[in-house]
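Numbering (this note's numbering), first residue to last: 5 to 180.
Ideal Cβ positions, reconstructed from N, Cα and C, are used throughout, including at glycine.
Since the structure is predicted, the reported quantities are computational estimates derived from the model, not experimental observations.
These notes are about the structure you will find just below.
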DNA sequence: CTCCCGTCCG
DNA sequence: CGGACTGGAG
């Protein structure tokens, strides 16, 4: 649900969705129309179909989600970001997870000129703490930094905890 | 108009 | 690589 959709909007759907489909088996055996209906208004309806296909695949293969990013990535609707996010946040695997927030933070802090996806992921991996548990915290922290402080429109460099190490933030504070 | 905890297809 | 997919908020 969070793929390209704001948290505030997902919050209106996620609890109801989970109530209706408490776990993968329920989602797997549900009529596709009921899944689509539960998704109504959220947009990107392919995600709903992908999610049910994912549920069916996982259920028919023992019912357990893999914790490995490469294996997660093979599931429908799971790209590099989601695979990393699930592996890190659900399983505490040591993996990078670059979403739009993280990408923006990394761009501003380390690549003020231009940076492609590969560069951003490489930077994210280079910054990743050794232990999985600490990588979880790092991923959570950098993502929230982008969502709450280093935001797309108004960046709040004054309250940014990594301002001193940021290529963009250093200038911004001296300029304005 | 851009942006949002992207992914897939051509 | 670019574009499609979706809709609401700022």
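| Sub-7 Å separation of residue 89 and residue 97 beta-carbons | 7 Å or more divides the Cβ of residue 89 from the Cβ of residue 97.
| request: Look at the alpha carbon of residue 27 and the alpha carbon of residue 21, and state the distance between them as a whole number of angstroms. | output: If you take the alpha carbons of residue 27 and residue 21, they lie about 10 Å apart.
| query | Taking three-plus beta-carbon pairs below 8 Å as touching, is the region 72-79 in contact with the region 31-50? | reply | Short answer: they don't touch.
| What are the complete alpha helix (DSSP H) segments, minimum 4 residues, inside the region 120-179? | You should have 121-131, 136-148 and 171-179.
| field | residue 145 versus residue 86: straight-line alpha-carbon distance, rounded | value | The alpha-carbon atoms of residue 145 and residue 86 are separated by roughly 17 Å.
| task | Flag this pair as yes or no: are the beta carbons of residue 31 and residue 57 separated by less than 7 Å? | result | By the CB criterion at 7 Å, residue 31 and residue 57 fall outside the cutoff.
| query | Relative to the C-alpha of residue 63, which residue among 51, 83, 50 and 34 is closest? | reply | Restricting attention to 51, 83, 50 and 34, the CA atom closest to the CA of residue 63 is found in 34.
| message | Could you compute how far the alpha carbon of residue 114 sits from the alpha carbon of residue 161? | response | The alpha-carbon atoms of residue 114 and residue 161 are separated by roughly 15 Å.
| Run of the alpha helix (DSSP H) containing residue 85, from where it starts to where it stops | Start and end: 84-89.
| said: With a threshold of 8 Å on Cβ separation, who are the neighbours of residue 49 within its own chain once the five nearest residues in sequence on each side are excluded? | reply: Shown here for residue 49: same chain residues with a beta carbon closer than 8 Å to its own, the five before and five after excluded, namely 40 and 43 in chain order.
| N-terminal and C-terminal residue of the alpha helix (DSSP H) that residue 65 is part of | Premise fails: residue 65 is in no alpha helix (DSSP H) and is neither H nor E.
| Excluding five sequence neighbours on each side, which residues of the same chain lie with their C-beta closer than 7 Å to the C-beta of residue 133? | Correct list, in chain order: 139 and 142.
| task | Quick one: residues in its chain with C-beta nearer than 8 Å to the C-beta of residue 47, no 5 flanking neighbours on either side, listed in chain order? | result | By the criterion of a C-beta distance shorter than 8 Å, residue 47 is surrounded in its chain by 9, once the five residues flanking it on both sides are discounted.
| Going by Cα to Cα distance, which pick from 131, 94, 103 and 12 is closest to residue 121? | Here the closest residue by C-alpha is 103.
| request: If I'm right that residue 172 touches residue 116 with Cβ under 8 Å, what's the distance once you round it to whole angstroms? | output: Between residue 116 and residue 172 the Cβ distance is about 5 Å, and since that is below 8 Å, they are a contact.
| query | So residue 94 and residue 125 are in contact, right, with Cβ under 8 Å, and what is the actual spacing, rounded? | reply | Wrong, their Cβ atoms sit about 20 Å apart, outside the cutoff.
| query | From residue 179 to residue 108, what does the alpha carbon distance come to, in whole angstroms? | reply | Annotation note: pLDDT 43 at residue 179 (below 50); position unreliable, coordinate value reported separately. Straight-line measurement puts the Cα of residue 108 at about 20 Å from the Cα of residue 179.
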